[in-house]
Amino acid sequence: MHDIFSPKQMCNQMKAKGLQKLKYYCQSCKKQCRDANGFKCHTMSEGHLRQMEIFGQNPDEFVQGYSLEFETGFYEVLKRCHGPRTRVAATVVYNEYITNRHHVHMNSSCWNTLTEFVMYLGKSGKCKVEDTEKGWFITYNAAADSQELLQKKSRGKRLRNKLVEEKNREKQIEKQIKRASSSYSSTTAKDVGIVKNNNTRIAFAVAASSSSGVVKRHKEENYSKLSVFEEEEDATKVKRKSLCDERLCVGGVNDGGRGNEG
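Counting in the working numbering, the sequence shown runs from 30 upward without gaps.
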């Protein structure tokens with residue numbers, strides 16, 4: 030590692046303090062290079078390539094952000110150094126603005142030249158603009174600044190009101206969801222109980238009907254069996270009676286014959 034108090038490092042720090050060439054400045058990395066070789070080495074570094082990949086994903090958003098930073102920085106210098114009643118050249122304000130080493134460069138914004146930027150300030154009403162032989166002159170517009178502050182306050186109030194409304198809506202939605210879930214759970218519990226009762230009733234009725242049918246079938250079978258047995262008994266009784274009668278008849282005949290013989 031190099032010693033920070035070495036003559037070479039101190040010389041490099043002194044050189045880096047002042048403004049250097051704009052073409053050796055990388056806005057995305059916010060790094061100032063002293064010469065072409067340093068800038069070339071920086072553009073080939075991993076950090077710069079990674080930053081370029083991020084920039085390539087949404088370049089319009091980055092350009093809008095740089096434009097807003099440049100406009101606010103320029104406007105703050107005009108407001109702080111010159112005030113609302115001073116008519117000053119635009120180039121003077123720009124030179125005062127770029128004295129800050131870490132300022133946003135104009136080539137990173139959506140304006141290519143200072144003339145385009147001054148015309149934008151005049152059209153938006155933020156400054157009073159005059160085109161003269163000596164160049165563009167601008168005057169700070171305090172009324173526009175106050176209007177902008179009022180607009181910012183109104184926007185802030187609107188945003189706060191929207192946030193409050195959204196929170197209230199979310200709370201109402203949560204309450205409705207809880208009510209719906211509780212009512213749904215109670216109704217489902219009642220329905221389940223009714224279904225169970227119905228099922229048990231139906232099952233019991235089916236069981237009763239099936240048992241009665243079985244009992245009836247058993248009874249019919251028993252009746253049929255009894256009738257068959259009774260018929261058989263009646264038939265046997267009839268046979269027995271007929272046999273007894275025949276025997277009695279035969280016995281009587283034999284007794285009569287024997288008597289006559291005697």
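Virtual Cβ for every residue (Gly too), placed ideally from N, Cα, C.
Query raised in the report: Three-state secondary structure (DSSP) at residue 75?
Result: DSSP places residue 75 in helix when its eight states are reduced to three.
Requested in this report: Would you mind reading off the limits of the alpha helix (DSSP H) that contains residue 156?
Outcome: That residue, residue 156, is in no alpha helix (DSSP H); its beta strand (DSSP E) goes 156 to 161.
Requested in this report: Determine the extent of the alpha helix (DSSP H) in which residue 112 is found, giving its start and end residues.
Outcome: Following the DSSP letters along the chain, one finds residue 112 in no alpha helix (DSSP H), marked with neither H nor E.
Query raised in the report: Which partner residues does residue 168 have in the DSSP bridge list?
Result: 116, 157
Query raised in the report: For residue 56, which option in 132, 148, 170 has the closest C-alpha, if you only look at C-alpha atoms?
Result: 132
Requested in this report: Out of 169, 135, 106, 116, point me to the one whose CA is closest to residue 125's CA.
Outcome: 106
Query raised in the report: Residues in its own chain within less than 6 Å of residue 159 by CB, not counting five upstream and five downstream?
Result: Within the same chain, residue 159 has close Cβ partners 166.
Query raised in the report: So, do the stretch 64 to 78 and the stretch 116 to 123 have three or more beta carbon pairs nearer to each other than 8 Å?
Result: Flag = no, the stretch 64 to 78 and the stretch 116 to 123 do not touch.
**Report entry** Straight-line Cα distance separating residue 164 from residue 148
**Finding:** Rounded to the nearest angstrom, the gap between the Cα atoms of residue 148 and residue 164 is 12 Å.
Report task. Spatial neighbours of residue 185 within its chain, please: CB distance less than 8 Å, with the 5 preceding and 5 following residues excluded, ordered by chain position. Result -> none
Query raised in the report: Excluding sequence positions up to five away, which residues of its chain have a Cβ less than 8 Å from the Cβ of residue 170?
Result: The residues are 113, 154, 155, 156, 157.
Report task. Return the residue from the list 104, 73, 83, 195 that minimises the CA-CA distance to residue 123. Result -> 104
Report task. Look at the Cβ atom of residue 96, then the Cβ atom of residue 58, and state whether they are nearer than 8 Å. Result -> Cβ atoms of residue 96 and residue 58: not closer than 8 Å.
Report task. Measure from the alpha carbon of residue 134 to the alpha carbon of each residue in 94, 110, 201, 111, then state which is nearest. Result -> 94
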